[in-house]
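> Structure below; questions to follow.
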Amino acid sequence: MRVLVPELLDLLPANDPRAIRSRRDLVLINAIMRQQALMAGALSRCPPPRILADLGGGDGLFMLSVARRLAKHWPNVQVLIVDRQDIVGRETRAGFEALGWSCETQAGDVFEAMPDADIITANLFLHHFDDAALSRLLTAIVARTSCFVACEPRRNSFALLAAHLVGVLGCNDVTLHDAVASVKAGFAGQDLSRLWPQGGGWRLAEAAALPFSHVFRAQRDV
Ligand SMILES: C[S@@+](CC[C@H](N)C(=O)[O-])C[C@H]1O[C@@H](n2cnc3c(N)ncnc32)[C@H](O)[C@@H]1O
Numbered sequence: 327m328r329v330l331v332p333e334l335l336d337l338l339p340a341n342d343p344r345a346i347r348s349r350r351d352l353v354l355i356n357a358i359m360r361q362q363a364l365m366a367g368a369l370s371r372c373p374p375p376r377i378l379a380d381l382g383g384g385d386g387l388f389m390l391s392v393a394r395r396l397a398k399h400w401p402n403v404q405v406l407i408v409d410r411q412d413i414v415g416r417e418t419r420a421g422f423e424a425l426g427w428s429c430e431t432q433a434g435d436v437f438e439a440m441p442d443a444d445i446i447t448a449n450l451f452l453h454h455f456d457d458a459a460l461s462r463l464l465t466a467i468v469a470r471t472s473c474f475v476a477c478e479p480r481r482n483s484f485a486l487l488a489a490h491l492v493g494v495l496g497c498n499d500v501t502l503h504d505a506v507a508s509v510k511a512g513f514a515g516q517d518l519s520r521l522w523p524q525g526g527g528w529r530l531a532e533a534a535a536l537p538f539s540h541v542f543r544a545q546r547d548v
């Protein structure tokens, strides 16, 4: 069963040194979890988008890394980073521009302003919400896109053990707390498919992805 506790990164101001350090740790955690490769692999089966919105996209570094894997086949994509904190840096925007993409931000709560986009993504984000909130979020997503991909923590004992060990990698107390919390709130089985709104001709795929992840993909039939 999923267990949710508030994550510390969500509670700290963007300019808090512990939050800044934890966001740096996230780059390492994403790389170890292979989140960029998993997201790029799942996205490569979608038609090239004009607009891609990344929910809870944080500093945009995760999506930039995904963009570097896809830009050769997907030209001129407009990326919209949606997050409560408006923290996409100038260098990150320049990174997207170097690929021929553009990057804008939408600061605010996803529940208040869900953007329209050809593709919507979420990385290490959906697990922040309980099932009732997730149902609302997925309903809003269905109304705004025809392709959705989420890469989330897998809820199992192997991932939980690994989360307890992130301090060994040099990650700070915020990252350690949030890594453990994320696995406990993570997903298994068909957790997300069960919450996906019925009808509308969607093809769903949901599975574990090694070493520590859970990937969900939904595409509307054309
Ligand atoms: C674990 S971080 C992941 C960031 C990014 N996806 C990555 O992989 O580096 C979760 C992000 O969700 C954002 N967030 C949490 N709740 C949110 C909400 N209700 N609306 C918008 N953003 C939210 C936080 O500010 C944070 O940047």
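All letters in the sequence shown, in the order written, are residues 327 to 548 by the numbering used here.
Just so it is clear, CB atoms sit at the ideal spot from N, CA and C, and this is done for glycine as well.
The structure displayed is predicted, hence computed values, not measured ones.
Let me know the secondary structure DSSP gives S539 once reduced to three states.
Position 213 of the sequence shown, counted from the first residue, corresponds to residue 539. In the structure shown, S539 sits in a strand (DSSP, three-state: E or B).
> Would the beta-carbon of P479 fall within 8 Å of that of H453?
Within the sequence shown, numbered from 1, the residue matching residue 479 stands at position 153. Within the sequence shown, numbered from 1, the residue matching residue 453 stands at position 127. Cβ distance < 8 Å, so P479 and H453 count as in contact.
> Starting from the C-beta of N511, find all residues in its chain whose C-beta is less than 8 Å away, skip the five residues before and the five after it, and write them out in chain order.
For the purposes of this step, residue 511 is identified with residue 185 of the sequence shown, where counting begins at 1. First, the residue type needs correcting, since residue 511 is Ala and not Asn in the sequence shown. Closer than 8 Å at Cβ, skipping near neighbours: R328, V329, L330, V331, H453, H454, P479, R481.
> V468 bridges to which residues according to DSSP?
Position 142 of the sequence shown, counted from the start, is the residue given in the question as residue 468. Paired residues: none, contrary to the question.
> List the DSSP bridge partners of P479.
For the purposes of this step, residue 479 is identified with residue 153 of the sequence shown, where counting begins at 1. S539.
> With DSSP as the reference, please indicate the residues paired to E438 in a beta bridge.
The residue given as residue 438 occupies position 112 in the sequence shown. Answer is none; E438 lacks a bridge partner.
> Closer than 7 Å to a non-hydrogen atom of ligand 1 - does that hold for the CB of H540?
The sequence position of residue 540 within the sequence shown is 214, counting from 1. No, ligand 1 has no heavy atom inside 7 Å of this Cβ.
> Nearest-angstrom Cα distance between I445 and S472?
In the sequence shown, residue 445 corresponds to position 119, counting from 1. In the sequence shown, residue 472 corresponds to position 146, counting from 1. Between I445 and S472, the C-alpha separation is close to 7 Å.
> M389: which of M365, R376, S370 sits nearest, CA to CA?
To locate residue 389, count along the sequence shown from 1; it is residue 63. Comparing Cα positions, the closest option is M365.
> Do the stretch 485-505 and the stretch 352-370 make contact, defined as three or more Cβ pairs closer than 8 Å?
A contact exists between the stretch 485-505 and the stretch 352-370.
> If you check the beta carbons only, do P523 and V468 fall under 8 Å apart?
For the purposes of this step, residue 523 is identified with residue 197 of the sequence shown, where counting begins at 1. For the purposes of this step, residue 468 is identified with residue 142 of the sequence shown, where counting begins at 1. Yes, the Cβ-Cβ distance between P523 and V468 is below 8 Å.
> Is any heavy atom in ligand 1 found nearer than 7 Å to the beta carbon of Q411?
Counting from one through the sequence shown, the residue named residue 411 turns up at place 85. Checking every heavy atom of ligand 1 against the Cβ of Q411, one is found closer than 7 Å.
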